[in-house]
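Chemist: Remember, this note's numbering sits 216 above the position in the sequence shown when you count from 1.
Below are the C-alpha cells for one structure; questions will follow.
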Amino acid sequence: MAQSEKEIISQEMSDSPFAVAQTVSPSGRILTEEELKALHNDKILVSNFKQMKLEKEAQKNWDLFYKRNTTNFFKDRHWTTREFEELKACRKFESQKLVLLEAGCGVGNCIFPLLEEDLNVFIYACDFSPRAVEFVKQNPLYSPERCCAFQCDLTKDDLRDQIPENSVDVITLIFVLSAIHPDKMKQALENISRVVKPGGVVLFRDYGLYDHAMLRFKAGNKLGDNFYVRQDGTRSYFFSKEFLAELFESAGFQFITNDYVLRKTVNKKEGLCVPRVFLQSKFTKNSLVLTSSTHQ
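Okay, here's the thing in C-alpha cells:
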C-alpha cells in the first residue's frame, strides 16, 4: 500500500489532528465537473477472473494486512462514545450490564477504549482475520470475563455458534461492511440480526459515496459500481444513504438515523485539504422479525 493511501486510510475515524471541519448532512458531497468526468470515464472493470481470485483470497489479504501493520495502523477509536450515545444511554437502568458485539473488530481499536471507559459492559468481538483476533487476545486489557474474541466470516459463519440468539443490546459495524462484496452484504446483516435483541441497535459508520479515497483510485482498480480494490488486494465499497437504507431494511432492520458526515482533513506534509465523506447511521431490529429456529 502506498504511503499516501496509508495516511488517508489511517485517518478514517481517529481523533486526528488532521481534522479541521466536520458537518453532518442529509445530502452527500457535490462533485466538481472534473471529478464527475473522471468518474464517468472510469468504466473498465477488473476482469472476472481477478475478481473471483480477490474474493477467494479476501481473508488471506486481510491477514497479510495485519501481519504487515500489526496493531499500529489504526488509532484507538475514543470517539465512539461521543458519536454514538447508545453506547451509554441504551441501558434501561444504570446498573444494567450492556452486551455489545463489535462485528469486524480488527485489533481492538474500538473495544478496548470502551472496556476502559465502561466497567459494566461485556463485548463479543469477531473478525475475518485470525491474526487480528490473536492481537486482540494478546492485548493486556483483554479478559475472558469481559470480552470474547473469535474469528468469523460474517457472510457464512453463523454467529449463534458463539453468541446466544437475541442476546446483544448493541452491535457496532464500523468500517467493516465496505470490505465485504456487495452481493454478500445482506447475508452479513441477516447474520447479525439473529443475535441482536428485538429493538436492539446497530451503529454503523463507513465510507460514504464520493469520499476522497474513492476518487483517488486509478483506472484498473474498479470492481463495480462504487466498489474498488486497493494495491494490497483488500477491497472497499462506498455507500450512498439510499443503498444502505434499502440494504438494512431488506435484512429486517428499521432506520433511525442515516446521514453523511462531511469532514475536511489537512495533510500537513503536502499542504492539502482533503474532503472525506463517511456515512453514519443507526438501525434497530424490527421486533416482528423472527429468527430461524433450525440452529442447533
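Beta carbons are placed, not taken as given, at the ideal position from N, Cα and C, and that holds for glycine.
Computed from a prediction, not measured in an experiment: that's the story for all the values here.
Taking DSSP as the reference, what is the three-state secondary structure of residue 279?
Modeler: Helix, per DSSP.
Chemist: My parser needs the alpha helix (DSSP H) runs of 4 or more residues fully inside the segment 416 to 476; what are they?
Modeler: Complete alpha helix (DSSP H) runs here, min 4: 428 to 432 and 457 to 466.
Chemist: What's the call for residue 442, buried or exposed, on a 16-neighbour Cβ count within 10 Å?
Modeler: When all chains shown are included, residue 442 counts as buried.
Chemist: Looking at the structure shown, is residue 502 part of a helix, part of a strand, or coil, going by DSSP?
Modeler: In this structure, residue 502 counts as coil in the three-state DSSP scheme.
Chemist: Below 8 Å, how does it come out for the segment 377 to 390 and the segment 403 to 412: are there three or more Cβ pairs, yes or no?
Modeler: A contact exists between the segment 377 to 390 and the segment 403 to 412.
Chemist: Pairs of beta-carbons, one from the segment 322 to 342 and one from the segment 362 to 370, closer than 8 Å: are there three or more?
Modeler: Taking 8 Å as the limit for Cβ pairs, the verdict is that the segment 362 to 370 does touch the segment 322 to 342.
Chemist: Take residue 355 and list the residues in its own chain whose beta-carbon comes closer than 7 Å to its own, dropping the five residues that flank it on each side.
Modeler: Answer for residue 355: 324 and 328, listed in chain order.
Chemist: Identify whether residue 370 lies in helix, strand or coil by the three-state DSSP scheme.
Modeler: Looking at residue 370 - three-state DSSP - the assignment turns out to be coil, as it is neither helix nor strand.
Chemist: Would you mind working out which of 425, 331 and 391 sits nearest residue 313, comparing C-alpha positions?
Modeler: If we check each option's Cα against that of residue 313, 331 comes out closest.
Chemist: Report the partner residues of residue 174 according to the DSSP bridge assignment.
Modeler: A question about residue 174 goes unanswered here, because the residues of the chain that appear run from 217 up to 512.
Chemist: I need the straight-line Cα distance from residue 369 to residue 392, nearest angstrom please.
Modeler: Each residue's alpha carbon lies about 11 Å from the other.
Chemist: I'd like to know if residue 240 contacts chain D, where contact means its C-beta is closer than 9 Å to some C-beta of that chain.
Modeler: Note that chain D does not occur in the displayed structure, where there is just one protein chain.
Chemist: Which one of 245, 394, 352 and 321 has the shortest CA to CA distance from residue 452?
Modeler: Nearest of 245, 394, 352 and 321 to residue 452, Cα basis: 394.
Chemist: Locate the alpha helix (DSSP H) running through residue 252, then write down its first and last residues.
Modeler: It spans 249 to 257 - the alpha helix (DSSP H) in which residue 252 sits, taken as one unbroken run.
Chemist: Does DSSP classify residue 313 as helix, strand or coil?
Modeler: Coil.
Chemist: Grab me the residues of residue 430's own chain with a C-beta within less than 6 Å of its C-beta, minus the 5 sequence neighbours each way, in chain order.
Modeler: So the list reads 454, once near-sequence residues are dropped.
Chemist: Helix, strand or coil for residue 515, going by three-state DSSP, please let me know.
Modeler: An answer regarding residue 515 cannot be provided, because it is not within the stretch 217 to 512 covered by the chain.
Chemist: Under 9 Å between the Cβ atoms of residue 476 and residue 457?
Modeler: Yes, the Cβ-Cβ distance between residue 476 and residue 457 is below 9 Å.
Chemist: Measure the Cβ-Cβ separation of residue 270 and residue 482 and say whether it is below 9 Å.
Modeler: In this structure, residue 482 does not lie closer than 9 Å to residue 270 by Cβ.
Chemist: Drop a sphere of 10 angstroms on the beta-carbon of residue 293, count the other beta-carbons inside from all chains shown, and report buried for 16 or more, exposed for fewer.
Modeler: Residue placement at residue 293 cannot be trusted, given a pLDDT of 49 that sits under 50; what the coordinates show is reported in the next sentence. Its Cβ being crowded by 16 or more others within 10 Å, residue 293 is buried.
Chemist: From residue 367 to residue 345, what distance separates their C-alpha atoms?
Modeler: Rounded to the nearest angstrom, the two C-alpha atoms are 7 Å apart.
Chemist: Would you please state the rounded distance, in angstroms, between the beta carbons of residue 389 and residue 425? I believe it to be under 8 Å.
Modeler: Rounded, the Cβ-Cβ distance is 17 Å, inconsistent with contact.
Chemist: Quick one: what's got a C-beta closer than 7 Å to residue 473's C-beta in the same chain, skipping five residues either side?
Modeler: Correct list, in chain order: 497 and 498.
Chemist: For a test of the three-state rule: what should DSSP assign to residue 390, helix, strand or coil?
Modeler: Correct three-state label for residue 390: strand.
Chemist: Can you tell me whether residue 260 is buried or exposed, with buried defined as 16 or more other CB within 10 angstroms of its CB?
Modeler: Residue 260 comes out exposed.
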